[in-house]
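**Student:** Residue numbers (the working numbering), protein chains in the order written: chain A, 18 to 420; chain B, 18 to 420; chain C, 18 to 420; chain D, 18 to 420. Even for Gly, the Cβ is constructed at its ideal location relative to N, Cα and C.
#1: To which residues does DSSP link residue 403 of chain B through a beta bridge?
#2: Measure the Cβ-Cβ separation of residue 84 of chain D and residue 59 of chain D and say whether it is below 8 Å.
#3: What residue from C:403, C:391, C:412 and C:235 has the CA that sits closest to residue 152 of chain C's CA?
#4: Chain B beta carbons: is any one of them nearer than 8 Å to that of residue 449 of chain C?
#5: Opposite residue 270 of chain D in the DSSP bridges: which residues?
#6: List, in order along the chain, the chain D residues whose C-beta lies closer than 8 Å to that of residue 422 of chain A?
#7: Name, please, each residue of chain B whose Cβ falls closer than 8 Å to the Cβ of residue 296 of chain A.
#8: Taking DSSP as the reference, what is the three-state secondary structure of residue 66 of chain C?
#9: Just list the residues that DSSP pairs residue 222 of chain A with in beta bridges.
#10: Kindly list, in the order they appear in chain C, the residues whose Cβ is closer than 7 Å to that of residue 356 of chain D.
#11: Taking only the alpha-carbon atoms, compute the straight-line gap between residue 252 of chain C and residue 407 of chain C and give it to the nearest angstrom.
#12: Below 8 Å on the Cβ atoms is my contact criterion, and I expect residue 63 of chain C with residue 89 of chain C to pass it. Report the Cβ-Cβ distance as a whole number of Å.
#13: Assign residue 396 of chain C to one of three DSSP states: helix, strand, or coil.
#14: Please state whether DSSP places residue 31 of chain C in a helix, a strand or coil.
#15: Using a Cβ-Cβ distance cut-off of 8 Å, determine whether residue 167 of chain B contacts chain C.
#16: Please classify residue 22 of chain B: is it buried, with 16 or more other beta-carbons within 10 angstroms of its beta-carbon, or exposed?
#17: For residue 20 of chain B and residue 231 of chain A, what's the separation of their Cα atoms in angstroms?
#18: In the stretch 48 to 113 of chain D, which residue ranges form an unbroken alpha helix (DSSP H) of at least 4 residues, counting only runs that do not cross its ends?
#19: Straight-line CA distance for residue 241 of chain C to residue 234 of chain C?
#20: Please list, in chain order, the chain F residues whose beta carbon lies closer than 8 Å to that of residue 161 of chain C.
#21: Mind pulling the chain B residues with CB within less than 9 Å of residue 322 of chain C?
#22: For residue 94 of chain D and chain C, any beta-carbon pair shorter than 8 Å?
#23: Got a sec? Which residues, its chain only, sit under 7 Å from residue 95 of chain D by beta carbon, not counting five neighbours each side?
#24: Skipping 5 residues on each side, what residues in its chain have a beta carbon closer than 7 Å to that of residue 352 of chain B?
#25: So which residues of chain A does residue 86 of chain D contact, with C-beta pairs closer than 9 Å?
#26: In or out: residue 286 of chain D buried (at least 16 other Cβ within 10 Å) or exposed?
#27: Taking residue 379 of chain A as the reference, give the member of B:360, B:389 and B:354 with the closest Cα.
#28: Against chain D, with Cβ distances strictly below 8 Å, would residue 413 of chain C count as a contact?
#29: Going by CA-CA distance only, name the one from C:165, C:156 and C:228 that's closest to residue 186 of chain C.
#30: In or out: residue 239 of chain A buried (at least 16 other Cβ within 10 Å) or exposed?
#31: If contacts are defined as beta-carbon pairs under 8 Å, then residue 336 of chain D and residue 290 of chain D qualify, I think. What distance do you get, rounded to the angstrom?
#32: Is the separation between the beta-carbon of residue 45 of chain C and that of residue 106 of chain B shorter than 8 Å?
#33: Could you tell me which residues DSSP pairs with residue 352 of chain D in its beta bridges?
#34: Just curious, the alpha helix (DSSP H) that residue 283 of chain C is in, first and last residue?
#35: Please report how far the alpha carbon of residue 31 of chain B lies from the alpha carbon of residue 394 of chain B, in whole angstroms.
#36: Please tell me whether residue 250 of chain B and residue 315 of chain B are closer than 8 Å, where the distance is taken between their beta carbons.
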């Protein structure tokens, strides 16, 4: 934790992920929720400058006096900042400028780490690395959205070779309910929102042993899933009526269904987990299937018994079909019916760092499991991802539950 | 339940509440969330026509063929309907037309009830009466918003005489937590969203024995409550920055603070419960106070030990200050930190009636307790009211909790 | 001019026109451009109070201290005012309150006029009466829009009996062009925007001898008029693509075409002038017809040779078909290709009154001719009406011109 | 006209102007009105491909089948196209791809021109070159807006050295009015909107002999110009109240006034023509100065007597102060009081090319004179530029007139 070696590994992975993206790709903000690649690369760097180097190294001089304004995401305590929805309106600093910024901060960080740091600083470095890993996934999902805007169907990276697999029916894992424990243990790294570990009472339930597949989603579409208001939450149906969606994001029907991926546009594979659906769609599908979405406690208590998932693979940034065994990790983020709220006894961190999680605890739903674009170390059974119900540009799918 | 006598009582109360409102007052829709008084009066009538008289009395002919289009609120299964945000654009039918509609449906209903109905119909009548009571409160809060739009500060009804009371510090009710039960019992009337009764595990906590007062809110304002981002949820702070609020709704500072009520504009009483605050404001206040909002389970398990509250009084439609004893009911609706979601094992009713509650179970927070404008029979410890986090035109206040 | 008799005539006509409208009708604001009837009735009254009684009668006390805030339309020099788009959000003062206001101001005005006034005051009274007449037409077109919002197709006043007429082909009136004079003479009443009379050079042109009819518009629709971008101005085509219009306002196609009028919904009469079209539609029609819209100078120089039109008739507030002779007045306002701009040498009036016309001289098109809802005295060949290009709720039609 | 040499000159100038802009700069769309540099470079290329090469060279194969979709600006007759406001959402094709596209089309064009073309094709080539010159100015004003979004105040090109000049009071050029002729002669190149030459009658007037300066605008600001509603058109005052502007675009007051230019941020020079003001501001200034804006006919009839202006200079893309003589060209575009409408007898070109000008003839004001960013050949006394009244990102200033 906090070693120069680990620091370089994480930082280098960001650059590896950005490498297939040219200056144009790294500049575009295709919607307000998306940030440009070069912004991600600079923002995670600013995090180290603002929260580690600045407070720790007395002689440290910031790389550029305006970068705090440009690359602060949402830390009110730090000062004013460039409006989020206007990140794509700024052509300067350029991609090369950002590369230089990253290098300068890396040098200072490695110097500091080589010299040794106390536990408090080490913890901040560790938080900064986890923060950067989170942005690695954001970088990928944002870049996918950017590339998808062009009728040219650009390819981020060739690959994503076919993934041979058999048709595999869903199985159900039963659980007796009762008093269970969820949340992170204190000894390993976890975000504040995963704490404290606490007890929850559950009624008996069953959980599907794999996510819903594209083939199952096609049945939902064919059965009028997007045309039957009785299946939908009221807000979701309003989106359908407004024409916001009639299939998962990135799907296209030209006679045959295809799907846009980071490896270009490919034919839809019915065995793969369905991906890029909103909470509204996930809930409607569950209604249609005569089931429901799991709560996050139900999900965690079952998933914590399983640990294997496919490795993070920069050559394959697309969810693979489930194998023969139950699996919970590394394919798609799975919407739960739990809104994102504090665990009993939740305490945010001190100072500006405390703005990390708690202030988003309203109006969002929890997702669990990690996806094909989640870097190593960000997949664990207690991890709580969250998005607003209409969001679809994350690698978000679902798993069914029933009483 | 379902007797002609009870039917008339509920129906007449609606007319009593509408009586101080002239045709102009009954027509205006002051924002999209508000419905005109005449619409409320007609909509609850249509409910009986659509769900009781039509299916039950074979020979029943609807009062007007277009009223289903005009007065259906949100039942997708029933057919197309007038857009909600345009209810105030329609001058016809007039208030007198609506009165005639109400009378005609009342006559048919009373004939039917006099002749006797089976249990299933009786249950639908009961649901219709509870539905009308819900709209009685909506009518009042909507009318208050309408009247508040005029610089003339119109008076709905004179009264609301001073409410003598002493300054009263907050007390704390402690609870050991553990496995508790919440939700309605099956034998009394309850909405589907209060069911089923089920177990929840709680950590130890304490609950304030009265709602937060206006005087305490003034301290919050004076201490920069609306100017300190660290107190706020991110979405709430965005509203503050957009200028949406800097004090509770209906408050005005002309040197001295006054508040608009259904009894006109009056000086602010520091002892009264604060009212007309959003979830964002309630949460920020709790942060400021070093406390938090209770979960709905915490609230219910404590409140169910208390039952007294002030009687519903059409002469005093404004929250009264708490007395010396702990109280939980009939002053203001109290925001909880719980999002509005289904209880384990929740089952919506069949058919169109099933659209009553479940389809709103996302993006809203639960409020508990009932307020000064809540009619008798709508105040109970298991009752779950819900509004989106920015809403303020309900009589919404808060109570503090702490670990 | 300015006599008590004339004063009463104009004021009484306003009340006659409002009489079929109940309190609900008089309160609704069906879109931002529309004002409630009760607002019109109060605003024209405030004009006399603010600009005549207040400055003239030293002892005059305003009827209500807040009415200036509520009923000032747009006079910045007078002070702050209620937002235009929120006029329909205000239920108080009521219709009866407005009636009392009108009576009080009438009494004061008649006392003053009986006592005799100097020329300057007489001119302000005359301006106030013309102002009220303008609002009489606005009241009618706004009330029509309000009533049209209800699926009940309400009837403002029974009548509008069939208007027997023969099919009548269009004729063309040729003009040699050259140096002509337009604008009002100084000796009769005219608005500042009609002044000064000045010379304009015209190329030879021809003008149709009647407005375009509904029958001709049906041919336009049948020939794909709303589907062919090459006919449309760019901004107009954007509106078509946005679904804003596909036929004149108030038209409906249920197999047969009908049209909503102040006399209820009636079958479309192909001989009647087409009405309630936007400038964009008028221009597209002219393109389709191989013609163009006239300039206001072309229109005026020809129309000034004709004076007859149908009388203003409160029993028939719908345009009648053209007779056998050329006619220019009292059916529909006719869009011209001239934008609304100052005549050479234009001088606005002094003080607040000067805000009457000049400040609207951008982004609007001139209409000429007067319509079936234009009161006597507001139809003259030099009169310049104006609306923004997308507006359709005025009684706006068109007449063709060609080189 | 239409020679390979001229073709290369114009095409090369575009590349020269784009050269200081990196891939990031060329990709950003900073507001809906702005187009990315790479889009401009591709769009003008597509114009030659679509309207010249395709129809002329039978064997011509388009460079890429999707480029017509991506780079058609507004030609409805050509087919569907990428939405204008989303041009900045597309990262591909890249800047290099666009360069390759330009080269391929240049080769085909030069081959064709070398082989000789008939008059009709030559006229289309000429139109294409004028079209590209128009976009050269748009490229510069758009790039200026893009660069201005960054707090880094990026420099497009160093330079814009001080321009020594004396303080110079305004002089007035008087004109007797009467019947004059405006519009282009048939023998030289002109857009369809400059035709036909025709007679206009003018009243006597005087025109300032130079544009309004920054120093004069500072006086306007200091005299409360942005705070006095009586100076403003109603729509303009609404913008002021909405906070849209309180000084010309690109001005900033940090104690001293500075202005953002293509040469970076520089101190405000009071002698320079004021630039980047909207029509509303120009009109308000004229009111304040006791003058008015000229009509386009007044402007043209006087300006046609003068021809000199500063040369187009890529080292100085900022308006220079007026010299001692009257001047009308090459500093700032000057707002006129004339709305953009067809001249009497106007005929748009045939086919898709006919969409070039006529369909924008509503809701815009004419500007005259050409500016520092206008390439050679686009400055002439009959040239009609046009923008909507709120637009400010063009190099738009004003000149006063009076009766």
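**Tutor:** The short version:
#1: B:383
#2: yes
#3: Closest option to residue 152 of chain C, Cα to Cα, is C:391.
#4: This structure cannot speak to residue 449 of chain C, because chain C is shown only from 18 to 420.
#5: D:274
#6: No answer is possible for residue 422 of chain A: the residues shown for chain A start at 18 and end at 420.
#7: 379
#8: In the structure shown, residue 66 of chain C sits in a helix (DSSP, three-state: H, G or I).
#9: Beta-bridge pairing by DSSP links residue 222 of chain A to A:192.
#10: For residue 356 of chain D, the chain C residues whose Cβ falls inside 7 Å of its Cβ are 356 and 358, in order along the chain.
#11: 9 Å
#12: 7 Å
#13: Coil, per DSSP.
#14: helix
#15: yes
#16: exposed
#17: Those two C-alpha atoms are separated by around 53 Å.
#18: 54 to 65 and 84 to 88
#19: 11 Å
#20: Included in the structure are the protein chains A, B, C and D, with no chain F among them.
#21: Near residue 322 of chain C there are no residues of chain B at all, since even the closest Cβ is about 43 Å away, more than 9 Å.
#22: yes
#23: 67, 85, 89 and 369
#24: The beta carbon of residue 352 of chain B sits closer than 7 Å to those of 296, 299, 310, 382, 384, 413 and 415, all from its chain and outside the five residues before and after it, given in chain order.
#25: 168
#26: buried
#27: B:354
#28: No, no contact with chain D.
#29: Residue 186 of chain C has its Cα closest to that of C:228, out of C:165, C:156 and C:228.
#30: exposed
#31: 5 Å
#32: Yes, these two residues count as a Cβ contact at 8 Å.
#33: D:384
#34: Where residue 283 of chain C is concerned, there is no enclosing alpha helix (DSSP H), although the beta strand (DSSP E) it sits in stretches over 281 to 284.
#35: 14 Å
#36: Taking 8 Å as the Cβ cut-off, residue 250 of chain B and residue 315 of chain B do not qualify as a contacting pair.
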